[in-house]
Every structure is written in structure tokens, then in C-alpha cells.
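Beneath this line is the structure, given in C-alpha cells, with notes to follow.
Residue numbers (this note's numbering), protein chains in the order written: chain A, 11 to 288; chain B, 11 to 288.
Structure follows, in C-alpha cells:
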């Protein structure tokens, strides 16, 4: 029986592309939010959820981080890095030169600003609520229109692809994580994601001492960031990605030391580091 | 002559509320984006820009951070902390019990989820592009509708306020910064905001050593976070807020040490710490 994988829908999103890249044979279940996709796994309605966690240009997906910190009991069992390729889509037969308005999500419009100025200098841009919604807005438009959206949306909506890979900067990738009831066993090339906060307002050196536990053992941090605790401005939850598996001896010892300094402590999981297939 | 202050419009936004709280006598100039508001100051069309930088629930305003890192030559000369009070607005005479649809920006909908479930259990929720756009969507709706928006939007659009302060968590505040050609002189109770990145991929202890320069001088970090460098996943720009003025001797020395370790280094400015008026 194929796995059931929950993702942020509707079909055609980059999240669906990530599910297809992860397991083309899986049964795909779209949900209206990242939270709903995770809840489906917690309730046994899906085996795993694939959710975006970080984009190389836009930064962290804060909905996902806040859910992992505050709401979810799931673990990260895998990471995936998916290239984001924006396309110009238009109704069948629409000529690019006649386009008067371009729809997309504001992030995508921002990532293609130079392309739009060069190729659609006279078109207005209109923000849509998602790249897939932009295709629907484009189809409903009374004026000649285009949408910036994923390649896959073109197949699903039966529209033309006027151009591909139009983002202004190369190397636009999004990191997705797979959420499940358990994390992954040790492979020898792993990462571990944790979250923690301190009891009192930041005293000089509190975070510094915690980081020393990793630095002094030669453990690499691949990411550090802070999220608001939601209690008051200036109180933070720190999110750190570390090289190694939580069962590797040096990391296990460092985690125990840091845990003892914190008031909130959560290991999101250990999982194999993503390596692009050769 | 009154100051000209640029902000993210249209009139009615929380940004306009922040300008009013900062200087009620200023000439207010709305702009369609944070970037456009800052550009107005750089071009001499406005004296200062007031822009949101951090919310106690949603976290950083990444548009503002990325602009300060990559695009702007302006300095932070002041910070303001403004309470965010969401209101339920409706057409004049609309009864709450008959409301079938509630419009707002997705952030505001998220911050009022419990209130909506308790008070509007049968209403659908629809995401709008901003809280002010939500009021326009509500006015254009064919079905009985409400909008979650700032108090000030009610005055501007001549609509009713059905409820105030409806956010699920108290203490919802947004920190704004004032951008100008220069930062502020020393007051004895100041903060300094900086951004930096390292030349090579994170080596264990690189950030740790930089933080040691502050910790070992007893300098408090009120915030640390990372933003993508936009070059590749896993390369970050670190943003740190520090207690003290860049001309205070201990901080001046620490900044010089850290600057020498970095490949990218930017002091956004020193400015008086915000204190609520008694």
C-alpha cells in the first residue's frame, strides 16, 4: 500500500512538487494549511506531512517553525531541497506582448521583479493570495493577463507556459521537511534540529554559553535563528540546526548540557542530511 | 515647518498609527511598500520613514530587514513600540449575529482565531491582502460581512466598530523603527543594531567567537537572528541588537573586533531604547 502524504494544497503548489520529488508513488492529500497537514498525521489520517521550512531568498517559513515550537508533537524524519522555478503562465493562445496585468503571490513577484521590468514593462502587477490562486485570478481576468506560478500548475489548469526559470537570482531553492511520528535512525551523515528558550530575559552570555557546548566539541551549527516566544517582545525561542545525530556521543553530551540550562527544550528530530542525487 | 514622514500606506494601517504616536504634527506620506517609503527619504522627498521591524507574535518583518541589509543607506535613529489592537468593523447598522463572512489579513485572522470561533462560529473567513484592504472587501461584499482591522480604519471608512481588542493573546505589540540620514547621539540608555556575515561557510565556533566579544565585555544582546544571504541555502547574515551606544567604549571595542572577523558588516545605527511614557 502506498504512503499517504499530507501537504499544503491546492494541487499545483511547490509543496506538491516536493511530495512528487520525495515519493512519486505516494497518495497525495492536499490540506488548506501547514497546521492542518500536520494534524492529519497526528490523527492517523496521513502517514507523513511534507512542509516547507526555509527558502534561500525569503528565509524561514514562520508558520512551520511556530507550529513545530508550539503545537506539534511530530518529528522531522527527513529533509528535501527543491529548486523553485517560476514560470509565466497565460491562457491558451495569449501573446506575451499583449499582456496587461501579471498576477502572482507577492513573494514570487518580488523574486521576478527585474524579469518583469525587462519583459512586461507596461503590465501592471497584482498580488494574489498564492501562486496557484494567481492562475485562477489570471483565468478570471477580463484584461489580457499572465500569472507567475510553478510549472506544475500549467498542466493542472491547461494553460500555456510563456517562459520558465524567470526568477532574478539563480539558486532559488526551498528546504522542505518530512514530519512523522518518529525521527530517523543514525546514518553517519545526519542533522539534528532543536528549539529552546531561557527562563529569564537574556542575560549577557546565556546563549553564548549554550553555543559554547557545541563549539567546544567541534559541532557545526548549520543554522541559528530566533522566533518570538509570543509572550512579550524581547523573549525568544532559539532554533538551531546541528551537524550530527542526537545519538552520536559528542552531540548527545552537548544536548544534555544545553537542555539543563533551558526552561523550554524540544528536539525536533535527527534525520539524514540532504544530498542531491548524482 | 512640520516633518514629512513616509510610511506603508494606505491611511488606516498600523504604520500610520505609529507615525501618529511618534509625531502627531508631522506631514504623513503613504507609500505602497516599505522600500518605497525608505527611497523617499533617500531622495529627500521625506525627512524620515517609520517602518515596522518586529511583532511580538509574528516575529520579524523580513521586508524591512532585507531592505536594511541589502538596499538601504539609511540609519535607525529611533524605535517605537506600538500596541496592536484588532477591532471588528462592519457596515453601519450591521448586526454581529447576521455576519456570514469575516475578512482580514491572514496574520490578523491567525491572531484572532479563538475569538472568531467563539463569536462568529458560523461565519466563513476570507484572507485579504491587508487589514485595510479587508475593510474595502467587507464594504464590497454582497453577503453580510465584517472585517478585522485597526481602530483607525473605522474613522477613515465611516463604518461601525462591533468590538475592540479581540486578539487571542494580550501584549500584542509591534516594534517600529524610524529611518533617517543619521542615527542618534548618545543618551546613556541606547541600543545598537548591526548586521554581519562570515566569509566561509559556517565553521564551528565562528559566530560563537563573535558573540564572545560582546559576552566577555558584559554587553547584553537583546536580539539575535539570521536571514538568508540570498546566495545559497545555509549562508546567513546575522542580525544582532546590543545594549549601548556605538560610541560607548566597551561596545566600540567589541564592534571593532567583530567587524574584523566578517566579510559583510553594517551598523544600522544607535538610538535611544524605547520607554513607554508614564
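Yeah, the Cβ is synthetic: ideal placement off N, Cα and C, and Gly gets one too.
Please read all numbers here as calculations on a predicted model, not as lab measurements.
Paired residues, beta bridge with residue 65(B) - DSSP: 69(B), 184(B)
Segment contact, 8 Å Cβ cut-off, at least three pairs: the segment 18–38 of chain B with the segment 267–285 of chain A: no
Pair within 8 Å by beta-carbon distance, residue 122(A) and residue 177(A): yes
Pairwise C-alpha distance: residue 182(B) and residue 225(A): 36 Å
Where residue 189(B) falls, given that 16 or more other Cβ within 10 Å makes a residue buried: buried
First and last residue of the uninterrupted alpha helix (DSSP H) at residue 142(B): 141–150
Any alpha helix (DSSP H) of 4 or more consecutive residues that is wholly inside the segment 73–160 of chain B: 116–121, 123–129, 141–150
8 Å Cβ cutoff, residue 94(B) in contact with chain A: no
Of the residues 37(B), 38(B), 34(B), 60(B), the one placed nearest residue 45(B), counting alpha carbons only: 60(B)
Residue 208(B): first and last residue of the uninterrupted beta strand (DSSP E) it sits in: Taken as a continuous stretch (DSSP letters only), residue 208(B) belongs to no beta strand (DSSP E), as it is neither H nor E.
Local conformation of residue 165(B) per DSSP, three classes: helix
Residue environment, residue 19(A), which counts as buried when at least 16 other CB atoms sit within 10 Å: buried
Residue environment, residue 42(B), which counts as buried when at least 16 other CB atoms sit within 10 Å: exposed
Short CB-CB distance (under 8 Å) between residue 260(B) and chain A: no
Endpoints, the beta strand (DSSP E) within which residue 37(A) is located: 37–41
Members of the segment 105–116 of chain B that neighbour chain A once the beta carbon cut-off is set at 9 Å: 116
Anticipated Cβ contact below 8 Å, residue 281(A) with residue 140(A), distance rounded: At roughly 28 Å, the Cβ-Cβ gap does not stay under 8 Å, so residue 281(A) and residue 140(A) are not in contact.
Chain B contact residues for residue 243(A), given Cβ-Cβ distances below 9 Å: 64, 65, 66, 91, 181, 183, 184, 185
Exposed unless 16 or more other CB atoms sit within 10 angstroms - verdict on residue 38(A): buried
Coarse secondary structure for residue 260(A), derived from DSSP in three states: helix
Validate contact between the segment 88–107 of chain B and the segment 144–157 of chain B using beta carbons, cut 8 Å, 3 pairs: yes
Identity of the residues DSSP links to residue 279(A) by a beta bridge: 203(A)
Beta-carbon proximity list for residue 111(B), same chain, < 7 Å, skipping 5 on both sides: 133, 134, 136, 151, 153, 155
Min CB distance residue 234(B) to chain A below 8 Å: yes
Residue 235(A) - containing beta strand (DSSP E), residue span: 231–238
Range of the contiguous alpha helix (DSSP H) that encloses residue 30(A): 24–32
Listed by chain order, chain B residues near residue 137(A) by CB distance under 7 Å: 139
Exposure label - residue 138(B); buried when at least 16 CB within 10 Å: buried
Residue 162(A) to residue 22(A) span [Cα, whole Å]: 5 Å
Residue-level contact to chain A via CB, residue 32(B), 8 Å cutoff: no
Residues near residue 272(B) in its chain [Cβ-Cβ closer than 7 Å; skip 5 each side]: 206, 207, 208
is_contact[residue 328(B), chain A] using C-beta, thresh 8 Å: Examination of residue 328(B) is not possible in this model, given that chain B is present from 11 through 288 alone.
Three-state secondary structure assigned by DSSP to residue 265(A): helix
DSSP-derived helix/strand/coil call for residue 11(B): coil
For residue 190(A), the three-state DSSP class (helix, strand or coil): strand
Within-8 Å CB hit, residue 240(A) to chain B: yes
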